[in-house]
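A.B. asks: Sharing a structure, written as structure tokens. Questions coming.
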Ligand code: G4P
């Protein structure tokens, strides 16, 4: 993860590649991380995708707070998108994506039928920032060994389409765009959830950010996992970090405690969590 370096030239290239491929598809599956649905979106996504119909795919549902996920689904629907929460890793609810696509594209399918096409078809592509689970979604959605090369107008020869069912085909490679990194809070959210490489942030800052979040949102989970008493869990975060370093056997190594918190949060050991809600930040 985090092997892509986003220099301006690379961003322009990524954008062009996605825009070229967009010409080939009827709809877009925008994959985001359900723990950070807005922070894990590309900042120019709306501009790039334009008016093309879209399904917001909130992936990693297993790691996110279910109540907040429901709020996000409502929010995206209120903006006119289709939206679904899935757990691609454990292949949960993915079969609803082709069904949603057909629902969203009912008019186009009806038109094809009216023109006498017996098996109407839809083409889509997955787009998102690195690490949100695009490849996992793609791999889980396709039926094995049914890759078909494009032989229709507008489909380049080396472009592969993979069938999810008799109607919906997906472009074989996902569109990869860059994350938002100009805002520090967004950067910390992406770092805590593992969407950006560990080398581009300081683990003590991110660990502290995470610790504060869990102190507010899930103090009991913190108490249970790290054997804290009621007084300790309400200490100012930087003081609690020192306590934790001691309890974890790291002496006064604050950074190692921070690293452990990040690791445990990503693993779901502090329970499912979502760092933002639709009408503002969760902090
Ligand atoms: P990308 O194409 O968008 O870059 O993401 P990719 O599919 O490679 O997934 C990134 C990481 O997220 C992978 O873990 C993958 O297993 C995990 N993942 C994808 N979907 C889900 C999900 O719904 N729930 C959970 N919990 N995890 C998910 P990794 O640690 O990079 O690799 P690995 O441990 O699977 O080998």
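Residue numbers (our numbering): 733 to 1015. Virtual Cβ for every residue (Gly too), placed ideally from N, Cα, C. If you're wondering where the values come from, they're calculated on a predicted model, not measured in any experiment.
#1: Please report how far the alpha carbon of residue 824 lies from the alpha carbon of residue 965, in whole angstroms.
#2: Under the criterion of a Cβ to heavy atom distance below 8 angstroms, does residue 908 qualify as lining ligand 1?
#3: Give me, in chain order, the residues of the same chain whose beta-carbon lies closer than 6 angstroms to that of residue 972; leave out the 5 immediate sequence neighbours on both sides.
#4: Tell me whether residue 795, by its Cβ, gets closer than 8 angstroms to a heavy atom of ligand 1.
#5: So, is residue 868 buried or exposed, given that buried needs 16 or more other C-beta atoms within 10 angstroms?
#6: List the DSSP bridge partners of residue 855.
#7: Residue 907: buried (16+ other C-beta within 10 angstroms of its C-beta) or exposed?
#8: Might you give, ordered along the chain, the residues of its own chain that have their beta carbon closer than 7 angstroms to the beta carbon of residue 746, omitting 5 neighbours on each side?
#9: From residue 986 to residue 1007, what distance separates their C-alpha atoms?
#10: Within the continuous beta strand (DSSP E) that includes residue 893, where are the two ends?
#11: Consult DSSP for residue 779 and reduce its assignment to one of helix, strand or coil.
#12: Just list the alpha helix (DSSP H) runs in the segment 736–786, keeping only unbroken ones of 4 residues or longer that don't cross its boundaries, in chain order.
#13: Could you give the DSSP three-state label for residue 974: helix, strand or coil?
#14: Regarding residue 874 and ligand 1, is the C-beta to nearest heavy atom distance less than 8 angstroms?
#15: Helix, strand or coil: which one does DSSP assign to residue 791?
#16: Indicate the three-state DSSP secondary structure (helix, strand or coil) for residue 806 in the structure shown.
#17: With distances taken from CA atoms, which of 996, 818, 977, 835 is nearest residue 873?
#18: Contact check, residue 950 vs residue 1000 under 8 angstroms by CB: the rounded distance?
#19: Would you say residue 792 touches ligand 1, meaning its beta carbon is less than 8 angstroms from a heavy atom?
#20: Please classify residue 782 as buried or exposed, where buried requires at least 16 other C-beta atoms within 10 Å of its C-beta.
C.D. replies: Taking the geometry as given:
#1: Their Cα atoms are separated by approximately 35 angstroms.
#2: Residue 908 Cβ: within cutoff of ligand 1.
#3: Excluding sequence neighbours, residue 972 sits near nothing in its chain.
#4: Yes, ligand 1 has a heavy atom inside 8 angstroms of this Cβ.
#5: Burial call: buried.
#6: Answer is 901, bridged to residue 855.
#7: By the 10 Å Cβ count, residue 907 comes out buried.
#8: Hits under 7 angstroms: 908, 909, 910.
#9: About 23 angstroms.
#10: Taken as a continuous stretch (DSSP letters only), the beta strand (DSSP E) holding residue 893 covers 892–895.
#11: In the structure shown, residue 779 sits in a helix (DSSP, three-state: H, G or I).
#12: For the segment 736–786, the full-length alpha helix (DSSP H) segments reaching 4 residues or more read 740–754, 777–781 along the chain.
#13: DSSP places residue 974 in helix when its eight states are reduced to three.
#14: No, Cβ of residue 874 sits at least 8 angstroms from all heavy atoms of ligand 1.
#15: DSSP places residue 791 in the strand class (E or B) of the three-state scheme.
#16: DSSP places residue 806 within a helical segment (H, G or I) once states are collapsed to three.
#17: The alpha carbon of residue 873 has as its nearest neighbour, out of 996, 818, 977, 835, the alpha carbon of 818.
#18: The beta-carbon separation of residue 950 and residue 1000, rounded to 12 angstroms, does not stay under the 8 angstroms limit for a contact.
#19: Yes; taking the cut-off as 8 angstroms, the Cβ of residue 792 has a heavy atom of ligand 1 nearer than that.
#20: It is exposed - the Cβ of residue 782 has fewer than 16 other Cβ atoms within 10 Å.
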